[in-house]
Amino acid sequence: MNNMDNIKLENIINKELNVNKINDYLPNGLQIEGCKEIKIVVIGVSLCQELLDKAVMLNADAVIVHHGLFWKNENPVIKGIKYNRIKTILNNSINLYCWHLPLDIHYEFGNNVQLAKLLSIEICGKIHPFVFWGEFKHFISYNELIFNINKIFLRKPYHCSSKSNLSNLIKKIAWCSGAGQNYIDYAINFGVDAFITGEISEQTFHIIRENNIHFFSIGHYVSERYGIISLGMWLKDKYNLKITFFDVDNPI
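Rendered as structure tokens:
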């Protein structure tokens with residue numbers, strides 16, 4: 001097991017994920033600086049007190065998450081749960097790292113690439129920087145896709161579709177991890193059989209019902225669970241860091 005300088009770790013991942021090419025909703029990289037040498041790392045999808053308590057219990061030098069702190073337009077006042085989280089980080093000299101959109105779209109570790117692997121979708125390209133499209137090897141029914149999602153992610157997706165003359169079979173598909181429901185128009189205009197994302201909004205239902213497409217909401221958390229795991233495995237294999245993924249399950 002190796003040690004690594006905290007700034008070196010940030011630079012390595014920033015370079016791998018091409019952070020400078022993406023305008024994000026929060027700062028990517030090292031958000032709160034802690035101890036200089038890193039050996040034990042806890043990773044998770046979203047920063048929360050439960051994840052931090054686990055990191056403290058394991059004497060972790062760093063926490064790496066997909067959803068971190070300091071989002072644009074959030075209240076900058078540090079009190080309540082934000083105070084408690086930051087206090088835990090500072091009192092235990094933990095380095096807090098976050099990689100958001102760069103981790104969604106990475107060609108190897110990205111949440112969208114991982115979803116394609118899990119669902120056996122052949123990636124063909126992108127409709128939008130955050131929206132991938134591809135194909136199943138064979139046509140599958142929407143019920144089979146529901147079954148596969150339930151089996152892989154351990155939760156039944158929300159499915160809706162247009163009201164008339166829509167085939168039950170799916171081959172060409174688009175997807176966007178997380179809160180990607182607002183990209184549904186890109187998928188519709190591109191002409192896919194189905195669209196998968198994490199969340200659904202009220203208006204999404206009507207858009208789907210009035211267009212020729214199947215829609216699947218699998219949950220924001222599970223749709224972005226596998227990118228951070230893949231990044232952690234890469235750090236473990238390439239740099240021999242001790243990586244522990246802590247699964248704070250979230251039904252949303």
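Residue numbers for the sequence shown follow our numbering, beginning at 1 and rising by one. Ideal Cβ positions, reconstructed from N, Cα and C, are used throughout, including at glycine.
Host alpha helix (DSSP H) of residue i (start-end)
{"i": "H106", "result": "No alpha helix (DSSP H) contains H106, which DSSP labels as neither H nor E."}
{"i": "I207", "result": "E202 to R209"}
{"i": "Y186", "result": "I184 to F190"}
{"i": "G180", "result": "Run containing G180: none; DSSP gives neither H nor E here."}
{"i": "L231", "result": "R225 to Y239"}
{"i": "L115", "result": "N111 to L118"}
Residue i - partner residues in DSSP beta bridges
{"i": "L169", "result": "S141"}
{"i": "F132", "result": "K126 and W175"}
{"i": "D5", "result": "E37"}
{"i": "S161", "result": "H214"}
{"i": "T244", "result": "V42"}
{"i": "I86", "result": "Bridge partners of I86: none, in fact."}
Residue range of the unbroken beta strand (DSSP E) whose run includes residue i
{"i": "V45", "result": "I40 to S46"}
{"i": "N95", "result": "N95 to C98"}
{"i": "S217", "result": "H214 to S217"}
{"i": "A194", "result": "A194 to T197"}
{"i": "K156", "result": "First-last for K156: undefined, no H or E at that position."}
Counted within 10 angstroms of its Cβ, other Cβ atoms place residue i as buried (16 or more) or exposed
{"i": "Q181", "result": "buried"}
{"i": "E108", "result": "exposed"}
{"i": "F147", "result": "exposed"}
{"i": "H66", "result": "buried"}
{"i": "G34", "result": "buried"}
{"i": "G198", "result": "buried"}
{"i": "I121", "result": "buried"}
{"i": "F70", "result": "exposed"}
{"i": "M106", "result": "As written in the sequence, residue 106 is His, which differs from the Met given in the question. By the 10 Å Cβ count, H106 comes out buried."}
{"i": "P102", "result": "buried"}
{"i": "S93", "result": "exposed"}
{"i": "L52", "result": "buried"}
Among the options, nearest to residue i - alpha-carbon criterion
{"i": "Y226", "options": "S177, F205 and V192", "result": "S177"}
{"i": "V192", "options": "T204, I146, I127 and L30", "result": "I127"}
{"i": "N6", "options": "L30, I123, N20 and N59", "result": "L30"}
{"i": "P253", "options": "E33, L96 and L26", "result": "The structure shown has nothing for residue 253, since the chain only spans 1 to 252."}
{"i": "V45", "options": "W234, I207, K236 and S230", "result": "S230"}
{"i": "E37", "options": "D61, F205 and K15", "result": "D61"}
{"i": "F215", "options": "F246, I105, E74 and S167", "result": "S167"}
{"i": "P251", "options": "I184, E210, K156 and N11", "result": "K156"}
{"i": "S259", "options": "M233, I228, L58 and Y142", "result": "Residue 259 falls outside the range modelled here, since the chain spans only 1 to 252, and no answer is possible."}
{"i": "E135", "options": "P129, F153, A174 and S162", "result": "A174"}
{"i": "L17", "options": "R85, H100 and I89", "result": "H100"}
{"i": "S162", "options": "I208, T204 and K151", "result": "I208"}
{"i": "V131", "options": "L115, I140, L145 and N73", "result": "L115"}
{"i": "G4", "options": "K242, D247, D249 and F246", "result": "The question names Gly, but residue 4 is Met in the sequence shown. M4 has its Cα closest to that of K242, out of K242, D247, D249 and F246."}
{"i": "A55", "options": "I89, H138, V113 and S223", "result": "I89"}
{"i": "K117", "options": "K8, S223 and T244", "result": "S223"}
{"i": "K172", "options": "H159, I149, K151 and G125", "result": "G125"}
{"i": "N111", "options": "C160, N95, I184 and I228", "result": "I228"}
Open item on the list: Give the list of continuous beta strand (DSSP E) stretches no shorter than 3 residues that lie fully inside the stretch 8 to 83.
Closed with: Look at the stretch 8 to 83 and you find these whole runs of beta strand (DSSP E), each 3 residues long or longer: 29 to 32, 40 to 46 and 62 to 67.
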